[in-house]
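Numbering (full-length UniProt numbering), first residue to last: 1 to 271.
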């Protein structure tokens, strides 16, 4: 659906692989474009799979406050950082997943409120955070009493291993969770009511806007419903081919390392 520029009032962007370059940082060019859009009174929403403590440190770099959807929609924070919405996964649900025979090569992570608990140190995962605002804690999961968490996360460099694990979990729990690949190497499970698009709908209702007035950018399968919902949606050049094929009706823009989001918005929206 094409829109005249005047109709777009809301800008929604994912972080990793989208607003962030491959060093997990916001470039100075992207910063300057977003500051100009903020001055033009666009409502800006950042929607990420990252935990809120981690994401807050990143969006602070933009230099102005934004709405923040984190953990794929399990948390919503207002621009003043007030918590507007929160939902966790049940302890017993996570315990039953962790009781499955999970390949020990896969790194298993629980996103808790103030810490992320992981089955092992994973340097690749640690590199996603420039500032350790949300520290990892290596734990033996079978020693925990309470498993309640915001999100359950698995990572491995072999995508097929994660696909097999996803199938294994869904056979045992067909209707209990929502799940997504945020990156081919990252498989995430949340409460079944959680999706970025659901959280964004709550923000739009609060602000008196509609999805038709919104433009969104993403690169992962956790962005799929968000991209589908907005009046205008763009897929990053670095998105997996399988996502581009699935959303073949959407325009593909430059990659995250080429400032794809900022370049597009600068060309289309900045007066």
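Positions of the beta carbon are idealized from the N, C-alpha and C atoms, including for glycine.
8 Å contact criterion, which residue i and residue j should meet: CB distance rounded
i: residue 226; j: residue 197; result: 5 Å
i: residue 168; j: residue 100; result: 6 Å
i: residue 63; j: residue 31; result: 7 Å
i: residue 36; j: residue 215; result: Not confirmed; about 15 Å, so no contact.
i: residue 109; j: residue 121; result: That belief does not hold up - the Cβ atoms of residue 109 and residue 121 are roughly 11 Å apart, past 8 Å.
i: residue 204; j: residue 11; result: Not a contact, Cβ separation roughly 12 Å.
i: residue 112; j: residue 149; result: 5 Å
i: residue 261; j: residue 18; result: 6 Å
Range covered by the alpha helix (DSSP H) that runs through residue i
i: residue 242; result: 241-246
i: residue 268; result: 260-268
Outcome for residue i when other beta-carbon atoms lying within 10 angstroms are tallied against a minimum of 16
i: residue 42; result: buried
i: residue 76; result: buried
i: residue 13; result: buried
i: residue 242; result: exposed
i: residue 268; result: exposed
i: residue 208; result: exposed
i: residue 74; result: buried
i: residue 157; result: exposed
i: residue 273; result: Beyond the ends of the chain as shown, which are 1 and 271, falls residue 273; an answer cannot be given.
i: residue 175; result: exposed
i: residue 249; result: exposed
i: residue 67; result: buried
i: residue 20; result: buried
i: residue 5; result: Legend: pLDDT at residue 5 = 48, less than 50; position of this residue unreliable, no value from coordinates given.
i: residue 88; result: buried
i: residue 171; result: exposed
i: residue 206; result: exposed
First and last residue of the uninterrupted beta strand (DSSP E) at residue i
i: residue 13; result: 10-13
Cutoff 7 Å; reference residue i; Cβ partners in own chain excluding five residues on either side
i: residue 252; result: 235, 237 and 244
i: residue 61; result: 26 and 31
i: residue 1; result: Per-residue confidence for residue 1 stands at a pLDDT of 41, beneath the threshold of 50, marking its modelled position as unreliable; the derived number appears in the next sentence. If we look at residue 1 and ignore the five residues flanking it on each side, its Cβ neighbours are 231 and 232.
i: residue 3; result: In this predicted model, residue 3 has a pLDDT of only 45, less than 50, meaning its place in the structure is not dependable; the value taken from the coordinates is given anyway. Counting only Cβ-Cβ distances below 7 Å, and skipping sequence neighbours, we find 231 and 232.
i: residue 65; result: 79 and 80
i: residue 102; result: 108 and 165
i: residue 15; result: 46, 48, 50, 55 and 58
i: residue 9; result: 42, 43, 209 and 213
Cut-off 6 Å between Cβ atoms - residues of its own chain near residue i, not counting five sequence neighbours on either side
i: residue 147; result: 91, 94 and 95
i: residue 222; result: 49, 72, 180 and 182
i: residue 177; result: 189 and 192
Close-in-space but distant-in-sequence residues of the same chain around residue i (CB under 8 Å, 5 per side omitted)
i: residue 7; result: 212, 213 and 231
i: residue 202; result: 76, 84 and 85
i: residue 161; result: 103, 105 and 106
| query | Could you give the uninterrupted runs of the alpha helix (DSSP H) lying entirely in the region 206-238, keeping only those of 4 residues or more? | reply | 224-229
Item checked: Inside the region 111-194 only - alpha helix (DSSP H) runs reaching at least 4 residues -> 123-126 and 159-172
Exercise. Could you name each continuous beta strand (DSSP E) segment of 3 residues or more that falls completely within the region 29-82, going from the start of the chain to the end?
Key: 43-47, 67-70 and 75-77
Discussion item. Quick check for students: name the residue ranges of the alpha helix (DSSP H) that lie wholly in the region 84-111, counting only runs of 4 or more.
Written reply: 91-98
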